[in-house]
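Trainee: Quick note, the sequence shown lines up with residues 338 to 648 if you use our numbering. Glycine included, each C-beta is placed from N, C-alpha and C at the ideal position. Just dropping this structure here.
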Amino acid sequence: MSSNCALKELAALIGESARVDHPLGAMTTYRVGGPAGVFVRLETPADIERVVAGLSQVPVPVLVLGAGSNILVADEGFEGLVVALGPGFADMELSSEIVHAGGAVPLPRLARRSAAYGLTGFEWAVGVPGWLGGAVAMNAGGHGSEMATVIVRCGVVDLCTGHEMVLSSADLELGYRHSGLHPWHVVIWAELALNRGDRAESEALISGIVRWRRENQPGGSNAGSVFKNPPGSSAGHLIEQAGLKGHRIGSAMISCKHANFIQADGAAVPVTSSALIDLAREVVAERAGIVLETEVKMVGFTAEQDRQPAR
Ligand SMILES: Cc1cc2nc3c(=O)[nH]c(=O)nc-3n(C[C@H](O)[C@H](O)[C@H](O)COP(=O)(O)OP(=O)(O)OC[C@H]3O[C@@H](n4cnc5c(N)ncnc54)[C@H](O)[C@@H]3O)c2cc1C
């Protein structure tokens with residue numbers, strides 16, 4: 338745990354761009370949760386240098402935040418440094434079959450731009466509300482594809498050393514909603530290889546995906562799939578079989594539309610969502626003998642709430 342003193346010292350070292358006790362909830366799609374001990378929006382390489390210099394003197398836990406669409410933050414918040422990429426990392430360049438984009442580019446925008454440019458292979462990402470950096474870190478995917486299929490390489494800054502590395506798809510060790518990146522690694526850009534396609538076909542595919550999402554997934558405050566699908570099974574199906582569809586704790590509810598989604602209403606608090614996660618895991622373990630592993634990143638919870646099944 339980092340002390341308040343250490344966090345204030347770190348903020349002073351980083352300078353003007355550092356915010357102490359900065360609220361995180363509104364920066365996540367669940368829209369709940371406490372503050373970051375220190376928060377810095379990275380707009381330029383100089384911001385990164387200041388963070389690296391600060392961390393070298395006051396090392397504290399680091400969390401890189403993207404669009405916050407796969408994160409549940411505890412009421413206690415995150416006692417460390419949270420960094421997020423700013424608009425300076427949201428450029429896109431498209432050429433014949435290569436897309437080069439910054440880590441803060443929203444996936445739906447990149448999917449639509451690629452399709453409009455006559456490129457195919459990234460339409461699936463229109464329904465994933467994260468940013469490119471977070472998608473690389475999570476190996477986001479859907480509709481039969483994933484980042485691992487399209488990524489060629491990416492630029493990663495190590496906030497502990499300040500080194501910028503160019504990592505290939507193999508270097509990233511991408512697996513199911515997993516990469517080998519560390520919490521102090523920031524994906525600042527990525528390059529994707531797509532195929533020449535037909536603009537009208539890609540745009541029709543995108544419309545179909547958007548329609549399918551509306552029909553099959555809930556809106557409101559959620560963070561997508563709460564659990565990873567266990568091998569050969571579906572977490573949503575297991576939760577539904579356990580009779581938990583529509584189950585509510587306080588202002589958080591297991592979605593009636595898709596049982597692997599937890600919806601938080603306006604007044605929800607993180608602990609109610611986290612209690613539902615624990616409940617679903619326990620009931621499914623009892624009934625099906627399968628211990629579900631969270632896909633959502635639990636930030637700032639106690640070790641007990643944040644536990645993952647042993648591998
Ligand atoms: C309605 C809805 C539908 C969704 N559908 C899908 C889906 O179909 N498929 C799917 O895979 N996911 C889905 N998600 C989850 C989420 O959108 C993805 O996991 C997305 O890739 C997360 O990106 P983010 O920018 O929001 O990352 P965050 O949620 O901010 O962070 C997620 C993880 O990535 C790390 N991270 C974020 N940015 C960076 C960066 N620049 N460098 C290094 N690490 C970083 C964080 O530290 C954290 O560990 C859905 C979410 C919602 C709300």
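Under three-state DSSP, which class holds Trp521?
Mentor: Coil at Trp521, not helix or strand.
Trainee: Can you name the residues that DSSP bridges to Ala438?
Mentor: DSSP output for Ala438 lists Met429 and Ala527 as bridge partner(s).
Trainee: Whole angstroms are fine: how far does the CA of Ser340 sit from the CA of Ala390?
Mentor: Looking at the two C-alpha atoms, the distance is approximately 19 angstroms.
Trainee: Taking DSSP as the reference, what is the three-state secondary structure of Cys593?
Mentor: If DSSP states are grouped into helix, strand and coil, Cys593 belongs with coil.
Trainee: Name the residue from Ala485, Cys497, Arg514 and Tyr513 whose alpha carbon lies nearest to the alpha carbon of Leu504.
Mentor: With distances taken between Cα atoms, Leu504 lies closest to Ala485.
Trainee: Does the count of Cβ pairs from the segment 376-391 and the segment 503-518 closer than 8 angstroms reach three?
Mentor: No, they do not touch.
Trainee: What residue range does the alpha helix (DSSP H) around Gly391 cover?
Mentor: Gly391 -> alpha helix (DSSP H) spans Pro382 to Gln394.
Trainee: Is the distance from the Cβ of Val375 to the Cβ of Leu418 below 9 angstroms?
Mentor: In this structure, Leu418 lies closer than 9 angstroms to Val375 by Cβ.
Trainee: If you follow the beta strand (DSSP E) that His359 is in, where does it begin and where does it stop?
Mentor: Note, His359: beta strand (DSSP E), Ala355 to Pro360.
Trainee: Taking 8 angstroms as the cut-off, is the C-beta of Asn566 nearer than that to any heavy atom in ligand 1?
Mentor: No; taking the cut-off as 8 angstroms, the Cβ of Asn566 has no heavy atom of ligand 1 nearer than that.
Trainee: Between Leu581 and Asp602, what straight-line distance do the alpha-carbon atoms span, to the nearest angstrom?
Mentor: Distance between the alpha carbons of Leu581 and Asp602 is about 18 angstroms.
Trainee: Taking only the alpha-carbon atoms, compute the straight-line gap between Ile329 and Asp495 and give it to the nearest angstrom.
Mentor: Nothing can be reported for residue 329, as the shown portion of the chain is limited to 338 through 648.
Trainee: Quick check: Ala477 and Val465, are their CB atoms within less than 9 angstroms of each other?
Mentor: Result yes, Cβ atoms of Ala477 and Val465 sit closer than 9 angstroms.
Trainee: Assuming Gly414 and Ala373 make a contact with CB atoms under 8 angstroms, what is their CB distance in whole Å?
Mentor: Yes, they are in contact, since the Cβ atoms of Gly414 and Ala373 sit about 6 angstroms apart, within 8 angstroms.
Trainee: Work out the CA separation of Ala363 and Glu346 for me, nearest whole Å.
Mentor: Taking the straight line joining both Cα atoms gives about 25 angstroms.
Trainee: Out of Gly458, Leu422, Ile435 and Ile576, point me to the one whose CA is closest to Pro443's CA.
Mentor: Per the Cα distances, Leu422.
Trainee: For the alpha helix (DSSP H) containing Asp412, list its first residue and its last residue.
Mentor: No alpha helix (DSSP H) contains Asp412, which DSSP labels as neither H nor E.
Trainee: With three or more C-beta pairs closer than 8 angstroms as the rule, is the segment 530-548 touching the segment 604-614?
Mentor: Segments in contact, no.
Trainee: In this structure, what does DSSP give as the bridge partners for Glu483?
Mentor: Note: Glu483 sits in a beta bridge opposite Gly478.
Trainee: Could you pull the start and end residues of the beta strand (DSSP E) that Leu402 belongs to?
Mentor: Leu402 -> beta strand (DSSP E) spans Val399 to Leu402.
Trainee: How far does the alpha helix (DSSP H) with Glu577 in it extend, from its first residue to its last?
Mentor: Residues Ala572 to Gln578.
Trainee: With burial defined as no fewer than 16 other Cβ atoms inside 10 Å of the residue's Cβ, what is the status of Gln645: buried or exposed?
Mentor: The predicted position of Gln645 is uncertain, since its pLDDT is 44 and thus under 50; a value taken from the coordinates is nonetheless stated next. When all chains shown are included, Gln645 counts as exposed.
Trainee: Taking a contact to mean a Cβ-Cβ separation below 9 angstroms, would you say Ser588 touches Thr457 in this structure?
Mentor: Their beta carbons are not under 9 angstroms apart, which means Ser588 does not touch Thr457 by this criterion.
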